[in-house]
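**Q** Below is one structure. I have some questions about it.
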Amino acid sequence: LKPVSATNMAAKPAKGIFDRGHGRNRLFDNITETIGNTPCVKLNDRMAPKGRTIYVKLEYFNPLGSVKDRLAIGIVEQAEKEGRLKPGDTLVEATSGNTGIGLAMLCAQRGYKCVLVMAEPFSVERRKLMRFLGARVILTPKSGKGTGMVEKARELAAEHGWLLCHQFETPANAKIHYDTTGQEILNDFEGTRLDYFVTGYGTGGTYAGAGKALREKRPEVKLCLAEPADAPLVASGHKMERRPDGSAEGSHPAFRPHPIQGWTPDFLAKVAEDGVKELGFDEYVPIPSGGAIEMAMMLCTTQGIFTGISGGASTWAAIEIAKKAPEGSVVLAMIADTAERYLSTPLFSQVSASMNEEESAISKSTPSYQMPDDD
């Protein structure tokens, strides 16, 4: 008999894990080279409507855990290319957290100084992450909303001669998503059906950039825009008054506070406004606040996908689109970040650090190492 090799004896890899153990087939010179190439993952039938397929693009696979790592590298590389950023210089930007975390990473790696301005209501873990990366974090009062933190960043840039990143206005925002996010989607779905692309917006760069790439190469894909039901800035049709640099003059009249951090500040960013003007949208989905939180929890407990409120919001929109879509339709939604950014928010309000009754009962089912009853 012919001997059986260990290779032939090994179980055939299951579909989808054939490349485990292959590595990336390259080495990386620094952490910023790992930004992008995030996976599109299929949801199982515990969430996807029958006869429809939903994929989510998991942006928390970026090195600092969010889609805004892309924006950070786009802004910094463009400024370096144009000679506006030199060793030892200071960047300043207003942020709800994720852009600031990405910029802090870039500054740490490149040797720049970083000052970030954030409105008080955003989660404290975001402040700590930025400071841990070496950034200085300046807080602004809740009453000032997003426009207040933007104005403060503008003042600091003018006073100290720092480089203001202009994430809400810079063309580098949409460009990085056209060059990376959009191309990744096109490559991953090459030769494969894709009917709907679903995302919300903060700055609007993902929608404007990835949406443009899809319009050009896959015009059959419908672009679906989501925003908080409490803050229907796009749906209102109200046009923002703008300064010469494109920044908003003030708050949008349709804005109301909502829990989807990173989405829809109290003004419509120029990048978002320009993207909607250029591309339009084929479907529009308002997101109820409770629905975004519920969906984020469902993603964790039924899919093992550990995302925050904005990821829940995108998935809510994707499921609503899928419910109305023809049978066989394929939907792709953006998952912007990780649930770890939301530990101090309503998303985790029902999660206790102590054992509940069920956990205590499991512990007491064997005799050793019992916690005191008051714990």
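For the sequence shown, the numbering used here gives the first residue as 30, with consecutive numbering after it. Even glycine gets a Cβ: it sits at the ideal position worked out from N, Cα and C.
Verify whether the separation of the beta carbon atoms of Gly15 and Gly211 is less than 9 Å.
**A** Given a span of 30 to 404 for the chain in the structure shown, any question on residue 15 remains unanswerable.
**Q** State buried or exposed for Gly80, treating a residue as buried only when at least 16 other CB atoms are found within 10 Å of its CB.
**A** Exposed, by the Cβ-count rule.
**Q** With the cut-off set at 9 Å, would you say Thr128 and Ala101 are in Cβ contact?
**A** The answer is yes: Cβ separation under 9 Å.
**Q** From Glu256 to Val314, what does the alpha carbon distance come to, in whole angstroms?
**A** Using only the alpha carbons, I get a separation of about 7 Å.
**Q** Give every residue of the same chain whose Cβ lies closer than 8 Å to the Cβ of Thr331, excluding the five residues on either side of it in the sequence, and list them in chain order.
**A** Counting only Cβ-Cβ distances below 8 Å, and skipping sequence neighbours, we find Asn73, Arg75, Met76.
**Q** Taking the C-alpha atoms as reference points, what is the distance between Ser381 and Leu243?
**A** About 43 Å.
**Q** Per DSSP, what kind of secondary structure is Val250 in: helix, strand or coil?
**A** DSSP places Val250 in coil when its eight states are reduced to three.
**Q** Quick one: what does DSSP say Val305 is sitting in, helix, strand or coil?
**A** DSSP places Val305 in helix when its eight states are reduced to three.
**Q** Excluding sequence positions up to five away, which residues of its chain have a Cβ less than 6 Å from the Cβ of Ala123?
**A** Closer than 6 Å at Cβ, skipping near neighbours: Val146, Met178, Val179, Ala182.
**Q** Can you tell me which of the three DSSP states Met324 falls into?
**A** If DSSP states are grouped into helix, strand and coil, Met324 belongs with the helices.
**Q** In whole angstroms, give me the CA-to-CA distance for Gln196 and Thr235.
**A** Cα-Cα distance, rounded: 12 Å.
**Q** Check each candidate in Thr119, Ser397, Gln399, Ser339 and name the one with the smallest Cα separation from Ser125.
**A** Checking every option, the nearest Cα to that of Ser125 belongs to Ser339.
**Q** Indicate the three-state DSSP secondary structure (helix, strand or coil) for Gly94 in the structure shown.
**A** In the structure shown, Gly94 sits in coil (DSSP, three-state: anything other than H, G, I, E or B).
**Q** Throw me the rounded Cβ distance for the Asp366 and Thr336 pair, which I believe falls under 8 Å.
**A** 7 Å between Cβ atoms; contact.
**Q** Excluding the five sequence neighbours on either side, which residues of its own chain have a C-beta within less than 6 Å of the C-beta of Trp191, listed in chain order?
**A** Closer than 6 Å at the Cβ level, and outside the excluded window around Trp191, lie Thr119, Val121.
**Q** With 16 other CB atoms within 10 Å as the buried threshold, where does Lys185 fall?
**A** The residue you asked about is not Lys; residue 185 is Leu in the sequence shown. Buried is the call here.
**Q** Output the boundary residues of the beta strand (DSSP E) element that contains Ile60.
**A** Counting along the chain, Ile60 falls outside any beta strand (DSSP E), and DSSP gives it neither H nor E.
**Q** Three or more beta-carbon pairs under 8 Å between the segment 349-367 and the segment 91-100, yes or no?
**A** Yes: at least three Cβ pairs fall under 8 Å.
**Q** May I ask you to list the residues that DSSP assigns as paired with Ala346?
**A** Per DSSP, none; premise fails for Ala346.
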